[in-house]
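In what follows, a structure is listed as structure tokens, so that the remarks can point back to it.
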Amino acid sequence: MTGTAILCSGQGAQGAGMFALLADAPEAASVFEAAKALLDGADPRELVHAASDEELHANRLGQILCCTQTLAAWAVIRDRLSGTLVVAGYSVGELGAWGVAGLADPGEILRLAAQRAAAMDAATTEPSSLVAIRGLDRGKLEPICVAHGTFVAIVNGSDQMVVGGTRTALVGFVADAGAAGATRITPLAVEVASHTPLLAEASAQFRNDLASARLAGRIPPDMRLLSGIDGAALFDVEDGADKLARQICQTVDWSACMETCTASSVSKVVELGPGNGLARMMQDAAPGIDAHSLSEFRSLEGFLRWVEKPAS
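Going by the working numbering, the first residue of the sequence shown is number 100, and it counts up by one from there.
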């Protein structure tokens with residue numbers, strides 16, 4: 100197998116140490132500077148240490164920080180890679196993936212992240228969240244969702260999914276999912292029911308935001324950019340923008356994205372962080388692929404050596 104996939108992380112793993120390996124990288128300096136404009140002048144490298152865990156997981160700040168991480172890490176490695184790349188992003192990471200693919204500059208991607216979060220917050224009229232579920236396939240999960248007014252938000256595998264809804268609805272859903280045989284139920288540190296119909300208004304607003312954004316006219320031929328809702332490669336920016344907006348209120352099929360990566364014969368998967376959840380899922384789905392995240396390395400130099408190492 101040959102080729103490399105770049106995976107852009109979503110929210111959940113942001114924390115004080117997220118920029119530890121990138122903070123002093125000269126290639127990333129302009130990304131951190133662009134983020135300051137959306138953080139009331141605060142340097143994100145300092146903010147992650149000063150902010151509380153609750154603040155770091157607030158929707159707006161979390162989305163900006165995760166996209167900052169993606170773009171900063173990409174700035175460091177982009178000139179060290181060659182050939183066609185497969186690029187995919189998980190939840191807000193899909194917006195970061197558009198930055199990796201060169202469809203907008205870092206400042207524009209970060210501005211869109213702030214707009215995306217604002218639209219989602221405005222559309223959230225009741226306290227809402229997400230829970231991760233293991234041990235039930237979609238056929239068993241869907242009837243429980245319907246009974247409680249919750250929705251499958253993300254498909255990570257045949258029996259690994261994320262369900263979203265209002266916090267009130269999720270209480271009943273969790274009880275019934277446990278009774279039905281779910282082996283693990285994990286509440287996620289998010290404040291919105293991402294990727295569910297509850298955010299239809301946010302999806303429409305973000306499509307308008309994308310229409311006003313400064314986007315490139317075409318997807319670079321050396322980038323195979325995937326859509327999160329079906330794992331299909333994008334060939335048209337306008338169609339891609341439609342799908343990027345729709346994933347706010349539609350199920351993200353991350354399992355399909357991983358299948359596209361393996362079908363594309365990639366031999367190395369680089370997760371840009373924060374966290375290493377996407378790399379671990381890829382390792383489980385395709386054990387023969389060398390998959391790691393920046394977050395797994397103790398030094399930037401070690402990460403770069405691995406990135407540049409020819410795949411076996």
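The C-beta atom is built at its ideal place from N, Cα and C for all residues, glycine as well.
Keep in mind that this is a model prediction, so the values were computed, not measured.
{"query": "To which residues of the same chain is THR461 closer than 6 Å at the C-beta, ignoring the five residues directly before and after it?", "result": "Residue 461 is absent from the model: the chain starts at 100 and stops at 411."}
{"query": "Just verifying my parser: in three-state terms, what is the DSSP assignment at GLN259?", "result": "strand"}
{"query": "By a C-beta neighbour count over all protein chains shown, 10 Å radius and 16 as the cutoff for buried, is ARG210 buried or exposed?", "result": "buried"}
{"query": "Quick one: Cα of ALA332 to Cα of CYS356, how far?", "result": "9 Å"}
{"query": "Let me confirm a value: ARG144 is counted as buried when at least 16 other C-beta atoms fall within 10 Å, else exposed. Which label applies?", "result": "buried"}
{"query": "Identify which residue in GLY182, ARG283, ALA115, ASP258 has its Cα closest to the Cα of SER151.", "result": "ALA115"}
{"query": "To the nearest angstrom, how far is the alpha carbon of MET100 from that of LEU240?", "result": "Residue placement at MET100 is poorly supported in this model, since its pLDDT is 47, which falls under 50; the coordinates still yield a value, given next. Each residue's alpha carbon lies about 35 Å from the other."}
{"query": "Since SER392 sits in a beta bridge, which residues does DSSP pair it with?", "result": "GLU370"}
{"query": "Opposite MET322 in the DSSP bridges: which residues?", "result": "LEU184"}
{"query": "Measure from the alpha carbon of GLY316 to the alpha carbon of each residue in GLY201, LEU393, ASN307, then state which is nearest.", "result": "GLY201"}
{"query": "LEU372: which of ASP389, LEU121, LEU287 sits nearest, CA to CA?", "result": "Per the sequence shown, residue 372 should be read as Gly rather than Leu. Nearest option by C-alpha distance: LEU121."}
{"query": "Taking the beta strand (DSSP E) that THR285 belongs to, which residues open and close that run?", "result": "283-286"}
{"query": "Cα-Cα, which of GLU358, PHE334, SER326, GLY109 is closest to ALA344?", "result": "SER326"}
{"query": "Would ALA276 and GLY248 qualify as a contact pair, given that the criterion is a beta-carbon distance under 8 Å?", "result": "no"}
{"query": "Roughly how many angstroms separate the alpha carbons of MET219 and MET381, rounded to a whole number?", "result": "28 Å"}
{"query": "Taking the alpha helix (DSSP H) that VAL230 belongs to, which residues open and close that run?", "result": "Segment 227-233 is the beta strand (DSSP E) holding VAL230; no alpha helix (DSSP H) there."}
{"query": "Exposed or buried, which one is HIS148 when buried takes at least 16 other CB atoms within 10 Å?", "result": "exposed"}
{"query": "Any idea if SER108 is buried or exposed, counting beta-carbon neighbours within 10 angstroms, 16 or more meaning buried?", "result": "buried"}
{"query": "From the DSSP output, in three-state form, read off ALA200 for me.", "result": "coil"}
{"query": "Go ahead and pull the three-state DSSP assignment for CYS165.", "result": "helix"}
{"query": "Are the CB atoms of ASN375 and SER392 within a distance shorter than 8 Å?", "result": "yes"}
{"query": "Compare the beta carbon distance of ILE253 and VAL406 with 8 Å and say whether it is the shorter of the two.", "result": "no"}
{"query": "What's the C-alpha gap between ALA216 and ASN158?", "result": "6 Å"}
{"query": "Applying the criterion that 16 or more other CB atoms from any shown protein chain within 10 Å of the CB defines a buried residue, is GLU370 buried or exposed?", "result": "buried"}
{"query": "Please report how far the alpha carbon of GLY102 lies from the alpha carbon of LYS367, in whole angstroms.", "result": "7 Å"}
{"query": "Short check: CB of THR359 to CB of ILE388, under 8 Å?", "result": "no"}
{"query": "Helix, strand or coil, according to DSSP, for PHE402 in the structure here?", "result": "helix"}
{"query": "Report the partner residues of VAL254 according to the DSSP bridge assignment.", "result": "MET260, ASP352"}
{"query": "Compare the C-alpha of ALA141 against each of PRO296, GLY182, LEU164 and name the closest.", "result": "LEU164"}
{"query": "Does DSSP put ALA157 in a helix, a strand or coil?", "result": "coil"}
{"query": "What would DSSP say about THR103, mapped onto helix, strand or coil?", "result": "strand"}
{"query": "Do you know whose CA, among ALA203, PRO319, PHE402, VAL245, lies nearest SER182's CA?", "result": "According to the sequence shown, residue 182 is Gly rather than Ser. Minimum Cα distance to GLY182 is reached at PRO319."}
{"query": "Counting only the same chain and skipping the five closest in sequence on each side, list residues whose C-beta sits under 7 Å from that of VAL273.", "result": "VAL230, ILE284"}
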